[in-house]
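Number of protein chains: 2
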Amino acid sequence: MARKPADQSVAREDILWAAAEVLHRKGYEATTMKDIAAQVNLTAASLYHHFKNKDFLLLNVLEVGLDLTIDKLERIDASDLTCAEKLGAMIRSHVVSVTGNVAVGAAMVFEIRALLNVSVGGRNGDESFTREFVARRNQFFARRDYFEGLFRDTVRAGIEAGEFREVDAAIVTKAMLGAHNWVGVWFKEGGRLSGEAVADVMVDTWLAALGV
Amino acid sequence: MARKPADQSVAREDILWAAAEVLHRKGYEATTMKDIAAQVNLTAASLYHHFKNKDFLLLNVLEVGLDLTIDKLERIDASDLTCAEKLGAMIRSHVVSVTGNVAVGAAMVFEIRALLNVSVGGRNGDESFTREFVARRNQFFARRDYFEGLFRDTVRAGIEAGEFREVDAAIVTKAMLGAHNWVGVWFKEGGRLSGEAVADVMVDTWLAALGV
DNA sequence: CCTATAATCTAACAATCATTTGATTTTTGG
DNA sequence: CCAAAAATCAAATGATTGTTAGATTATAGG
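Line order of the protein sequences matches chains C and L.
Going by the numbering used here, the letters in the first sequence line up with residues 9 to 220, in that order.
Going by the numbering used here, the letters in the second sequence line up with residues 9 to 220, in that order.
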């Protein structure tokens, strides 16, 4: 049969992006290990050399996606802009992230339920797998709350500083993130507006909503 | 073995709500016919007396959910309120719909990809099933565009009437619907705010975003 | 009360899929 | 160049699941 000679040693990260792409198209449950493997010219069995199992693969995709986004937000948060400027930069950064990698952006929205659904109760042998999975999943959710908190705290700070009008910061923040997440659903590269242009509209919209 | 004596004749609609509930919890692919059947004290096989197959069952849930929402919006659209009042009422109606039936609301967001994924290419026997499914699916998507159009047209009308500031109506509308859809993800009955209260915040937020 | 129809059930099937096992091939450090 | 480690593969397994077939039970109209 002979293996394909070229393309040896697919990088772990290549698999992650490929997985995100397939997840975006079909969703976690409908995505087979074979689908992901085919995307990087491997067989399903080979994926197990890089990832413990399908659940961990999903978790990895989400972790990487979230980390990339948080990194940028933290840099903005650490700057000494006004709250309005800061929030504008954060919105822009988030929306550009989503439009720049719709697959990962959509996974962050759509596949979190799949993460929750992972059966984790059993008395099966791989107790340590389960324990590690639960720990990392919890950390992921904690980081996701932290991510939301970065936006919410900026909104709150802006209200206290008198830059924003008085709104329910928690709800408005959720509305904001919902709007951004949804971009990952409808945005298509090459459409009427670039990702940057969409981001500009979002910044303008949300600052107006906050009375700036 | 004996069948369960009571509970004869489960209504078609009961199955739909039950299905929505399970879909909300697990997502389409992870939801088994057995899951749905159990929710209404039936066996999986019995569901086939009410619905052609799993795909049609999903389609039915989405159709019913969308129709209910559109009905209310059309009544508002037909009124002779100002654009701002009209949009406010539409936002409130949509958000209350979502918070009032989170299961259906979330299905409208999360399960549409499942609808797209239904394999429909084959040369298998049930040509007529496939044809009907594709036709109804297309109609569903058309109605979904119509739904979005109700909001977008109101935003446009408000801009032309000088009630709203000049914004990119298409993008702002998508942002708005994204924010509303997301409510179905985080809203929990019995939380800090009622569905109505959340709707009020949304109305206030979006009218502010439009400069009212 | 009887019978046709509706609603449900049990049992079985065929397909799919995540995962494991046990080679085989490639790469790399010495 | 060699041997150990890394990366990959083919094949088999066990479990799940949508769906169908063929009864069985309930209901409603005459």
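Think of the CB as a built atom: it goes at the ideal place given N, C-alpha and C, for glycine as much as any other residue.
Fair warning: this is a prediction, and the values are worked out from it, not measured in the lab.
For this session: Go ahead and pull the three-state DSSP assignment for leucine 218 of chain L.
Result: Translated into positions along the second sequence, residue 218 of chain L becomes position 210. Three-state result, leucine 218 of chain L: coil.
Problem set entry | Which of helix, strand or coil DSSP assigns to threonine 77 of chain C | As a working note, residue 77 of chain C is residue 69 in the first sequence. Three-state DSSP puts threonine 77 of chain C in a helix.
Problem set entry | Supposed close pair asparagine 72 of chain L, phenylalanine 195 of chain L - CB separation, criterion 8 Å | Indexing the second sequence from 1 puts residue 72 of chain L at position 64. Indexing the second sequence from 1 puts residue 195 of chain L at position 187. In the sequence on display, residue 72 of chain L carries valine and not asparagine. Going by Cβ atoms, the distance from valine 72 of chain L to phenylalanine 195 of chain L rounds to 20 Å, so no, they are not a contact pair.
For this session: Taking phenylalanine 155 of chain L and isoleucine 99 of chain L to be in contact with their CB atoms under 8 Å, please state how far apart those CB atoms are, rounded to whole angstroms.
Result: Locating residue 155 of chain L in the second sequence gives position 147, counting from the first residue. Locating residue 99 of chain L in the second sequence gives position 91, counting from the first residue. At roughly 13 Å, the Cβ-Cβ gap does not stay under 8 Å, so phenylalanine 155 of chain L and isoleucine 99 of chain L are not in contact.
Problem set entry | Inter-residue Cα distance where the pair is arginine 145 of chain L and glutamate 135 of chain C | Translated into positions along the second sequence, residue 145 of chain L becomes position 137. Translated into positions along the first sequence, residue 135 of chain C becomes position 127. Taking the straight line from one Cα to the other gives about 44 Å.
Exercise. DSSP state of valine 175 of chain C, grouped into three classes?
Worked result: Numbered from 1 along the first sequence, position 167 holds the residue referred to as residue 175 of chain C. Note: valine 175 of chain C maps to coil in three-state DSSP.
Exercise. With burial defined as no fewer than 16 other Cβ atoms inside 10 Å of the residue's Cβ, what is the status of leucine 254 of chain L: buried or exposed?
Worked result: This structure does not reach residue 254 of chain L, given that chain L is present from 9 up to 220, and the question cannot be answered.
Problem set entry | Selected residue, minimal CA-CA separation from isoleucine 23 of chain L, among L/Leu31, L/Gly192, L/Ala45, L/Lys34 | As a first step, residue 23 of chain L is located in the second sequence; it is residue number 15 there, counting from the start. Among L/Leu31, L/Gly192, L/Ala45, L/Lys34, the Cα nearest to that of isoleucine 23 of chain L belongs to L/Ala45.
For this session: Starting from isoleucine 167 of chain L, find everything on chain C with Cβ-Cβ shorter than 9 Å and list it in chain order.
Result: Here residue 167 of chain L refers to the residue found at position 159 when the second sequence is read from its first residue. By Cβ distance, chain C contributes nothing, its closest Cβ being about 13 Å from isoleucine 167 of chain L, past 9 Å.
Problem set entry | Per-residue contacts from asparagine 61 of chain C into chain L (C-beta, under 8 Å) | Position 53 of the first sequence, counted from the first residue, corresponds to residue 61 of chain C. Neighbours of asparagine 61 of chain C on chain L: none; closest Cβ ~16 Å, over 8 Å.
Exercise. What residues of chain L sit near lysine 182 of chain C, judged by a beta carbon separation below 7 Å?
Worked result: What you label residue 182 of chain C is simply residue 174 of the first sequence in a count that begins at 1. Ordered by position in chain L, the residues that pass the 7 Å Cβ test against lysine 182 of chain C are Trp190, Trp194.
Problem set entry | Whole-angstrom distance between glutamate 37 of chain C and leucine 185 of chain C, CA atom to CA atom | Stepping through the first sequence from its first residue, residue 185 of chain C is reached at position 177. Stepping through the first sequence from its first residue, residue 37 of chain C is reached at position 29. Computed Cα separation, rounded: 25 Å.
Problem set entry | Below-8 Å beta-carbon distance, methionine 41 of chain C vs any chain L residue | Working through the first sequence from its first residue, we reach residue 41 of chain C at position 33. No, its Cβ sits nowhere closer than 8 Å to a Cβ of chain L.
For this session: Determine whether the Cβ of alanine 97 of chain C lies closer than 8 Å to any Cβ atom of chain L.
Result: Position 89 of the first sequence holds residue 97 of chain C. Alanine 97 of chain C does not count as touching chain L.
For this session: Starting from the Cα of glutamate 168 of chain C, find the closest Cα among C/Ile120, C/Cys91, C/Phe64 and give me that residue.
Result: Locating residue 168 of chain C in the first sequence gives position 160, counting from the first residue. That would be C/Cys91, whose Cα lies nearest to the Cα of glutamate 168 of chain C.
For this session: Step through the CB atoms of chain L and report whether any lies within less than 8 Å of the CB of methionine 116 of chain C.
Result: Here residue 116 of chain C corresponds to residue number 108 of the first sequence, with the count starting at 1. Closer than 8 Å: no.
Exercise. Can you list the beta strand (DSSP E) stretches of 3 or more residues lying completely in the region 45–120 of chain L, in chain order?
Worked result: none
Exercise. Closest by CA to histidine 58 of chain C, which one among C/Ala165, C/Ala26, C/Ala19?
Worked result: Position 50 of the first sequence, counting from 1, holds the residue named residue 58 of chain C. Among C/Ala165, C/Ala26, C/Ala19, the Cα nearest to that of histidine 58 of chain C is on C/Ala19.
Exercise. Taking 8 Å as the CB-CB limit, is valine 175 of chain C close to chain L?
Worked result: Translated into positions along the first sequence, residue 175 of chain C becomes position 167. Valine 175 of chain C counts as touching chain L.
For this session: Using a Cβ cut-off of 9 Å, pull out every chain L residue sitting near asparagine 125 of chain C, in sequence order please.
Result: On the first sequence, residue 125 of chain C is found 117 positions in, with the first residue counted as 1. The answer, in chain order, is Arg33, Lys34, Gly35, Ala38.
For this session: Establish whether the CB of leucine 185 of chain C and some CB of chain L are separated by less than 8 Å.
Result: The count along the first sequence starts at 1 and reaches residue 185 of chain C at position 177. Yes, leucine 185 of chain C counts as interfacial toward chain L.
For this session: Answer with yes or no whether the minimum CB distance from threonine 77 of chain C to chain L is below 8 Å.
Result: Against the first sequence, residue 77 of chain C aligns to sequence position 69. Answer no: the Cβ-Cβ gap between threonine 77 of chain C and chain L never drops below 8 Å.
For this session: Could you work out which residue in L/Glu174, L/Val117, L/Ser127 is closest to phenylalanine 5 of chain L when comparing CA atoms only?
Result: With chain L represented from 9 up to 220, any question about residue 5 of chain L goes unanswered, as that position is not in the structure.
For this session: Indicate whether glycine 113 of chain L and valine 106 of chain L have their beta-carbon atoms separated by less than 8 Å.
Result: Position 105 of the second sequence holds residue 113 of chain L. Position 98 of the second sequence holds residue 106 of chain L. The answer is yes: Cβ separation under 8 Å.
Problem set entry | Backbone CA spacing between aspartate 15 of chain C and valine 69 of chain C [nearest angstrom] | Along the first sequence, one-based indexing puts residue 15 of chain C at 7. Along the first sequence, one-based indexing puts residue 69 of chain C at 61. Only weak support is given to the placement of aspartate 15 of chain C: the predicted model assigns it a pLDDT of 41, under 50, and the value that follows is read from those uncertain coordinates. Taking the straight line joining both Cα atoms gives about 22 Å.
Exercise. Hey, would you say valine 142 of chain C sits closer than 8 Å to aspartate 63 of chain C, going by beta carbons?
Worked result: Counting from 1 along the first sequence, the entry for residue 142 of chain C is found at position 134. Counting from 1 along the first sequence, the entry for residue 63 of chain C is found at position 55. Their beta carbons are not under 8 Å apart, which means valine 142 of chain C does not touch aspartate 63 of chain C by this criterion.
Exercise. How would you call threonine 181 of chain C, buried or exposed, if buried means at least 16 neighbouring beta carbons within 10 angstroms?
Worked result: One-based indexing of the first sequence puts residue 181 of chain C at position 173. Classification for threonine 181 of chain C: buried.
Exercise. Whole-angstrom Cβ separation of glutamate 119 of chain L and leucine 76 of chain L, contact assumed at under 8 Å?
Worked result: Your numbering for residue 119 of chain L matches position 111 in the second sequence. Your numbering for residue 76 of chain L matches position 68 in the second sequence. Wrong, their Cβ atoms sit about 16 Å apart, outside the cutoff.
Problem set entry | Within-8 Å CB hit, alanine 216 of chain L to chain C | As a first step, residue 216 of chain L must be located in the second sequence, where it is residue number 208. Closer than 8 Å: yes.
For this session: Starting from the N-terminal side, write out each stretch of the alpha helix (DSSP H) that is 4 residues or longer and does not extend beyond the region 146–214 of chain C.
Result: 177–194
For this session: Anything in chain L within Cβ reach of valine 206 of chain C, meaning under 7 Å, just list it in chain order.
Result: For this step, residue 206 of chain C is matched to residue 198 along the first sequence. Those are Ile179, listed as they occur along chain L.
For this session: Could you tell me whether the Cβ of valine 104 of chain L comes closer than 8 Å to any Cβ of chain C?
Result: The count along the second sequence starts at 1 and reaches residue 104 of chain L at position 96. No, valine 104 of chain L does not count as interfacial toward chain C.
For this session: Identify whether glutamate 37 of chain L lies in helix, strand or coil by the three-state DSSP scheme.
Result: As a position in the second sequence, residue 37 of chain L is number 29, starting the count at 1. Residue state, collapsed to three classes: coil.
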